[in-house]
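Structure record follows, encoded as structure tokens.
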Amino acid sequence: MSILSIILVVLTALECFYIMYLETIVTDSKNTSRVFNISQEELKGSTVKTLFKNQGIYNGLLGVVLLYATLFSKNAIEISAIILVYIFICALYGGFTSQKSIILKQGGLPILALLSLFF
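If you read the sequence shown in our numbering, its first letter stands for residue 6, the second for the next number, and so on.
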């Protein structure tokens, strides 16, 4: 993997960890409310908190797999590409079902990282 690819994949992993932090640790904070465009009152509901925390764990796992692929795997490009494609598909789904801006917010960095793997 090129240095640029490594940097972009690691940044994508950090983004996954940030999302995990918002969803699992500071679920009902002002920052989480702003990022996800959901009122703090809604975020304080037990159902939303449970769903967010569960979703956050998945985001954290994506970050772990990206770091593993980059730092330890002998198949770094292959593993990274699979996860980056998955993250981009999730961003597309979020963009079509929730807010269009998710496509760029969540999918911009992974698509750049993915493209860097092949060029």
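Positions of the beta carbon are idealized from the N, C-alpha and C atoms, including for glycine.
Kindly list the residues whose CB is nearer than 6 angstroms to the CB of residue i, restricted to its own chain and excluding five residues on each side of it in sequence; keep chain order.
i: G112; result: F93 and A96
i: L122; result: S10, I82 and A86
i: G61; result: M25, E28 and T29
i: A74; result: A81, I84 and S85
i: C150; result: In this structure the chain extends from 6 to 124, so residue 150 is not present and cannot be described.
Around the Cβ of residue i, are there at least 16 other Cβ atoms within 10 angstroms (buried) or fewer (exposed)?
i: N36; result: exposed
i: F3; result: Outside the modelled stretch of the chain, which goes from 6 to 124, sits residue 3, for which no answer is possible.
i: I8; result: exposed
i: V14; result: buried
i: F57; result: buried
i: L76; result: exposed
Would you mind stating whether residue i and residue j have Cβ atoms separated by less than 8 angstroms?
i: M6; j: I82; result: yes
i: L16; j: L119; result: no
Please report how far the alpha carbon of residue i lies from the alpha carbon of residue j, in whole angstroms.
i: V40; j: L48; result: 12 angstroms
i: T55; j: N64; result: 14 angstroms
i: K110; j: Y91; result: 15 angstroms
i: S106; j: G99; result: 9 angstroms
i: N59; j: V53; result: 10 angstroms
i: E46; j: S103; result: 19 angstroms
Which residues in the same chain as residue i place their Cβ atom closer than 8 angstroms to its Cβ, once the five residues preceding and following it in sequence are excluded?
i: V31; result: T37
Whose C-beta lies closer than 7 angstroms to the C-beta of residue i among residues of the same chain, with five residues either side of it excluded?
i: A18; result: G68, L71 and L72
At 4 residues or longer, and completely inside the stretch 62 to 101: list those alpha helix (DSSP H) runs for me, N to C.
none
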